[in-house]
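Let me begin by presenting the structure, written as structure tokens, before commenting on it.
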Ligand SMILES: Cc1ncc(C[n+]2csc(CCOP(=O)(O)OP(=O)(O)O)c2C)c(N)n1
Ligand SMILES: Cc1ncc(C[n+]2csc(CCOP(=O)(O)OP(=O)(O)O)c2C)c(N)n1
Ligand SMILES: [Mg+2]
Ligand SMILES: [Mg+2]
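Residue numbers (the numbering used here), protein chains in the order written: chain A, 12 to 328; chain B, 12 to 328; chain C, 955 to 1299; chain D, 955 to 1299.
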């Protein structure tokens, strides 16, 4: 699935539909999840990817099947775009035994094939560098993709990792999703200087994009992945984006006018017109049935038994 | 002691002599220390400032008396240039009760008036930022000066601090002494990209100097301090320098040819010719007698008593 | 906390009120942390309203836990009274070097030439389904760190007064541990409401220890030591032990976790000889380990002891697993009954 | 460690030999840390010679403790066997988040879909005048962390074999704690040289526990538990107790500190009923706290116990202060004599 030259019109249409459906899957999955929360079927917290779908979908469309991804708290969209099993994620979020991590991980702590996530900001970045190093040493040709939010640029270990990745020319792609907010904090209150310059200061090739058009993201990602894989060398993709949902559940303190303006960047609205009405309806149907199936099975699935906790005995019981 | 316009020839000569004597004091202090180590009067470790004297001496000559300094493991030169008491430092290094920290701190852990140091690389940088913030909030007009080595750019917390210092426009001067080595590791093996660019990526005004001429350092420092104090805003001074001694005691793995070449940058050799022979001899005499006095008193001083440890009782005694 | 404000009714209101009052009383008090500004007012709302009233003294930061603590340490070194918030106690790991090798060391290492009147507040604990990196109780790793005090409020001890003491009356760094489930908890008073069966004696002033006895009961059979949210579990267990098993317990409830000052516990143990220690953190080298070790070393009479704590496992997202990992009322009951030589049902 | 190499004579040689042999045997073994390259070979020379023989597999790093551990964790996740070196154990604080919230959690949290066969080696301890930030014994903060094993060599247990087990035979992250003063220490053998008075029984395989008894002596009066460098102090104390006081002790010497597996200690304690625990770290919530707590909870007969550890203070630069802070032979003697009901001279 690497970058190809100008595709035929037919192939382009098929690609458009595919990308649309994948973005829609993420959108509807997250909506369903928020709905299940309000129904009390979910416990804990969640960070929806609504509005940012073009990033993961554009990127994974041009990643190789063997590439590795390390994601953060906002990982559902990344996981689904990576090709993660829908039911296993739904079940995981409900704390079911059939979840992708048996209910142990939950929303932010996922492992599926070569996809990992963790919920401590920044800490995943050196781990991803280590993965990239291992793959370079093994000459596997795999690229490691690590996701960061703009707010996560506050964490020092990110820079330790940029330095090491550049020094050792690791095959790693840093995907910085800049939605200009860290939880409730706007970027002007937590980020000084310039994002691209931060990567470049470590000698890392950086591309900044300000679009939520999945086709543009896909093209930029393809180029970046090619650079990383062929040199090999690290690269950064700084993707301007818009979160069209609360940070986690009800915590949206952003101004209504700003939010309304952000809606213009809805990647579904931007990419949707490239499909016909019938195509879009088919996508809705297919996504709805996939999600219904996944969620219904997950709802019916059993909770993990206390006995599955492992061997460590609890004292005084 | 702020920047003045072209001084009179007489004032310039007096300044030359003063700067020379201060550098010489540091040089001879460190040499004496290494000698005391070999005589077994010192225990533990030490990091000499030999070769880098122009940085601290040039800088503190133009700092205000009330300015604050936070230094690192290689702090003796900074401390002496700051105006720290010689005997109190010698006694501290010998673990004497009369030491500047009563023998508790030792070589890397000093506190004297507004001068602090600590031995964990990088960790001092946010603390220095906090000091700068406090002084800004108190509108004291004080500048905080924090010292880092090139190797310390490996520590993530440095970047957390650069971001905060820039975001909050703190009156802090980052003094990066680039001797191109971290312990035994040459800079090409631990630093990717560009040092100045790292500061600039955070929006910090940065001056890079590649000289061991104390007068040039002094000028650059005066300009940087003025910027920091008047805006107020952070600034960085990246000072190329040469360590003309082992990292700590005997651990010099550098190539002999390289070391020999470095000797050309000896700041005493560069600045010395601006003084007459008699002036230099007077400086030697004055430094020798100050050091003899300090070390002799320190040697005669008592060790701290176990009772001075504090109230925490040791168990089972 | 202000003269005119109504008395707070929950732990959250008490803490928030104390912050308001502290900032009102002294211009040296600053709040620094992630997302602490209004209208959000912090992830758990403890800083709510502060930035509106004191906009220049509430500093929202980048996501930089090490630098948050480091910056606040520098402020404290220069005479301010900063209160840093770490959004989840799990992230204390990122500030461990700042706490252990900087804030806590300065005063001693600089031979009393400096002090660090810093407070680091953080919510800890599970039971909310936040999963392995947002549910931990990690304060045990900081107990015993020289130069660092660790304090934990509970629903009985006036939480706001404790926080006020830490900020205004303590010149050393204090790690202030708030269990997430305590925030919504109504404040308790001995002899009233859900504590109507208990009477309390208070030891110590700044960070007091409460000894609770069943009102008018015979000598207690077992002593239960605890802190923080665990008190909620312990008092429920104590009531059920009383009602269902006629077992009388004495509860010794601590607010200062470290340094360990256990005199009230020694006194209670001299009466009962049997000790249950309950905490939400993992069993191994939890607070209870030091408590049991000290009691074993210092008691004239032999001590019988049981610890009730979390299993030494990460905290799962799934509620069934989380429940099985964290200590429950039944665990406390079982430990007390077993020590008292009763059949455990 | 190789068939042809001469048998190592010091702890340092044993560890270094093991690293050579590990790298020789498997191309998956990597060494990563600060200043680990030849000719320096690491601040304490443990990695000496490795970069000359295996230049592609010895990675010198920037000064980035968090990223060193994080990078090594990533390598381990993908099937390599990295050995990370943290130059001084004090700097583990900088890697605490990586150890606790990443390396140690992955296997369990990912439901056994991943594992992290990582070893983090680090020198700890004082007695060299390195002052407050280069002398600490902080491993106690990591004991009990779920998913993390903590192992410490000593001069008796084959240090190289322990390290080999941690790297080659352990699929979980291991924190490997080396006391600085052990490096130059000659390897010991029970019944020979300075251990000629002792005979030893070994329990466990991968990380064995040694129980040492005075050869041919009557039943021991006191059990002393210890690990690492503390054994050097304990064995000296044991000899002097024997010779000067005719007090017989049994030493239980651990190599696996966490998880706690204390069966050999329980067995010894069943014989003596009196326990001294000795460690170099600070007293409060040190290894000994958990040891005493577990023994108190699990022993049928009452346990009498004393801990000997460092005072809960930073480690000063001045030798007089450092000596008074760290546990000494006299402290071990005093604790044992006091437990045995003897006058302490
Ligand atoms: C170390 C750490 N600190 C704080 C948090 C709490 N937290 C979770 S998400 C978040 C904001 C992250 O912002 P950003 O990186 O921009 O990602 P976004 O949420 O915008 O996708 C914060 C502060 C965390 N998970 N980890
Ligand atoms: C956190 C931490 N890691 C490692 C060390 C050990 N160490 C002391 S000095 C040093 C090298 C520092 O290099 P640099 O910052 O360039 O300063 P220089 O010694 O060259 O003055 C190292 C690795 C330390 N003190 N702190
Ligand atoms: Mg963001
Ligand atoms: Mg250097």
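Just so it is clear, CB atoms sit at the ideal spot from N, CA and C, and this is done for glycine as well.
Just so it is clear, the structure is predicted and the values come from calculations on it, not from any experiment.
Taking 6 Å as the cut-off, is the C-beta of residue i nearer than that to any heavy atom in ligand 2?
i: residue 150(A); result: no
i: residue 1076(D); result: no
i: residue 1045(D); result: yes
Rounded to the nearest angstrom, what separates residue i and residue j at their Cα positions?
i: residue 227(B); j: residue 1038(C); result: 41 Å
i: residue 116(B); j: residue 1055(C); result: 12 Å
i: residue 199(A); j: residue 178(B); result: 8 Å
i: residue 31(B); j: residue 1042(D); result: 37 Å
i: residue 1156(C); j: residue 312(A); result: 50 Å
i: residue 322(A); j: residue 1062(D); result: Since pLDDT at residue 322(A) reaches only 48, below the 50 mark, its modelled position is unreliable, and the value read off the structure follows with that caveat. If I take the Cα positions, the gap works out to 12 Å.
i: residue 1137(C); j: residue 966(C); result: 4 Å
i: residue 1159(D); j: residue 1126(D); result: 16 Å
i: residue 1291(C); j: residue 1228(C); result: 11 Å
i: residue 132(B); j: residue 1047(D); result: 12 Å
i: residue 1112(D); j: residue 1075(D); result: 16 Å
i: residue 1212(D); j: residue 1262(D); result: 19 Å
i: residue 173(B); j: residue 165(A); result: 10 Å
i: residue 325(A); j: residue 1270(C); result: In this prediction, residue 325(A) has a pLDDT of 34, which is less than 50 and means its spatial position is unreliable; nothing more can be read from the coordinates.
i: residue 287(B); j: residue 1007(D); result: 54 Å
Does ligand 3 have even one heavy atom less than 6 Å from the beta-carbon of residue i?
i: residue 160(A); result: yes
i: residue 193(A); result: yes
Which residue from the options puts its Cα closest to that of residue i?
i: residue 85(B); options: 64(B), 24(B) and 246(B); result: 64(B)
i: residue 1148(C); options: 1008(C), 1192(C) and 1022(C); result: 1192(C)
i: residue 153(B); options: 309(B), 204(B) and 80(B); result: 80(B)
i: residue 1168(C); options: 1152(C), 1140(C), 1101(C) and 1082(C); result: 1152(C)
i: residue 1176(C); options: 961(C), 1272(C), 968(C) and 1224(C); result: 1224(C)
i: residue 317(A); options: 1106(C), 1273(C) and 1162(C); result: 1273(C)
i: residue 272(A); options: 162(A), 254(A) and 91(A); result: 254(A)
i: residue 1241(C); options: 1257(C), 1208(C) and 1258(C); result: 1208(C)
i: residue 1087(D); options: 1234(C), 1091(C), 1100(C) and 1095(C); result: 1100(C)
i: residue 279(B); options: 140(B), 60(B) and 105(B); result: 60(B)
Give me, in chain order, the residues of the same chain whose beta-carbon lies closer than 6 Å to that of residue i; leave out the 5 immediate sequence neighbours on both sides.
i: residue 47(B); result: 53
i: residue 1248(C); result: 1216
i: residue 1035(D); result: 982, 983, 1071 and 1121
i: residue 217(A); result: 207, 210, 211 and 247
Does the distance between the C-beta of residue i and the nearest non-hydrogen atom of ligand 4 fall short of 6 Å?
i: residue 190(B); result: yes
Here's a check: name, in chain order, each residue in its chain whose Cβ is nearer than 8 Å to the Cβ of residue i, leaving out the five neighbours to either side.
i: residue 107(A); result: 114, 309, 312, 313, 314 and 315
i: residue 1245(C); result: 1179, 1214, 1216, 1219, 1229 and 1231
i: residue 21(B); result: none
What residues in its chain sit with their C-beta under 7 Å from that of residue i, if we drop five residues either side in the sequence?
i: residue 138(B); result: 81
i: residue 1190(C); result: 1283
Taking 6 Å as the line, does the beta carbon of residue i fall inside it for any heavy atom of ligand 1?
i: residue 1017(C); result: yes
i: residue 1105(D); result: no
i: residue 1063(D); result: no
i: residue 132(A); result: yes
What residues in the region 1011-1033 of chain C bring their beta carbon closer than 9 Å to a beta carbon of chain A?
-> 1014, 1015, 1016, 1017, 1018, 1019, 1020 and 1021
Members of the region 1038-1053 of chain D near chain A, C-beta cut-off 7 Å | 1051 and 1052
Quick one: which residues of the region 1235-1262 of chain C get their C-beta closer than 9 Å to a C-beta of chain A? List them in chain order.
-> 1237, 1260, 1261 and 1262
Closer than 7 Å, Cβ to any Cβ of chain A: which residues of the region 1053-1080 of chain D, in chain order?
-> Cβ contacts with chain A: 1055, 1056, 1062, 1063, 1064, 1065, 1067 and 1068.
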